[in-house]
Amino acid sequence: MTSPNSVQWMHANALVLREMGLLLRGGSGAGKSALSMMLVAEARLKGEFACLVGDDRIALENRNGRLIARPHIANRGLIEVRGIGIVSVPFESGAVIRGLVDLSSSEGNGPGRPAELRREYEEICGLPVPKLVLEMRDGLDRVKISLFLQYLESR
Numbered sequence: 529m530t531s532p533n534s535v536q537w538m539h540a541n542a543l544v545l546r547e548m549g550l551l552l553r554g555g556s557g558a559g560k561s562a563l564s565m566m567l568v569a570e571a572r573l574k575g576e577f578a579c580l581v582g583d584d585r586i587a588l589e590n591r592n593g594r595l596i597a598r599p600h601i602a603n604r605g606l607i608e609v610r611g612i613g614i615v616s617v618p619f620e621s622g623a624v625i626r627g628l629v630d631l632s633s634s635e636g637n638g639p640g641r642p643a644e645l646r647r648e649y650e651e652i653c654g655l656p657v658p659k660l661v662l663e664m665r666d667g668l669d670r671v672k673i674s675l676f677l678q679y680l681e682s683r
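For the sequence shown, this note's numbering assigns the number 529 to the initial residue and increments by one for each residue that follows.
In structure tokens, the structure reads:
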């Protein structure tokens with residue numbers, strides 16, 4: 529268990545959509561960066577605020593009962609675009625995290641078991657964080673994240 533106010537590092541992306549901080553966690557090549565860029569671009573097209581906080585290495589801290597995410601100093605304002613490389617993007621220096629999206633692979637579903645939208649909680653820095661386990665290969669990733677954001681807003 530992590531004590532309050534101690535920094536925990538996570539291999540994830542952090543972004544702000546509307547007023548909610550969101551973590552996207554997954555292994556290398558899981559699609560965190562591409563999904564982050566798509567979510568930010570779609571929100572902006574709708575006239576909503578959206579911005580990257582950090583790509584790949586995120587510092588997390590419990591500050592007075594809020595989970596705060598900050599980018600690693602070495603990659604602030606940078607995101608990796610497959611096939612292009614590292615590019616500069618606008619970023620926020622921190623966000624209050626309201627949810628975690630865990631990008632899973634199809635191997636985790638077992639034979640004959642369809643991918644499902646599951647809502648769970650995970651303790652991060654001593655705080656319970658709503659978690660969406662998301663199967664990325666079914667083509668409904670952004671729809672499911674939109675539903676998850678609606679759920680988070682209703683809490």
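Every residue, glycine too, gets a C-beta built ideally from N, C-alpha and C.
This structure is a prediction, so every number in the text was calculated from the model and none was measured.
Query	Result
Using C-beta distances below 6 Å, list every residue in its chain close to valine 671, excluding the 5 sequence neighbours before and after it, in chain order.	none
Report all residues from its chain with a CB closer than 8 Å to the CB of serine 564; omit the five preceding and five following residues, and keep chain order.	Asn541, Leu543, Leu552, Leu580, Asp583, Ile607
Would you check if the distance between the CB atom of glutamate 663 and the CB atom of serine 632 is smaller than 8 Å?	yes
Hey, how far is the Cα of isoleucine 612 from the Cα of glycine 555?	20 Å
Beta-carbon separation of isoleucine 614 and proline 599 under 8 Å?	no
Below 8 Å on the Cβ atoms is my contact criterion, and I expect leucine 550 with alanine 571 to pass it. Report the Cβ-Cβ distance as a whole number of Å.	About 11 Å; that fails the 8 Å criterion.
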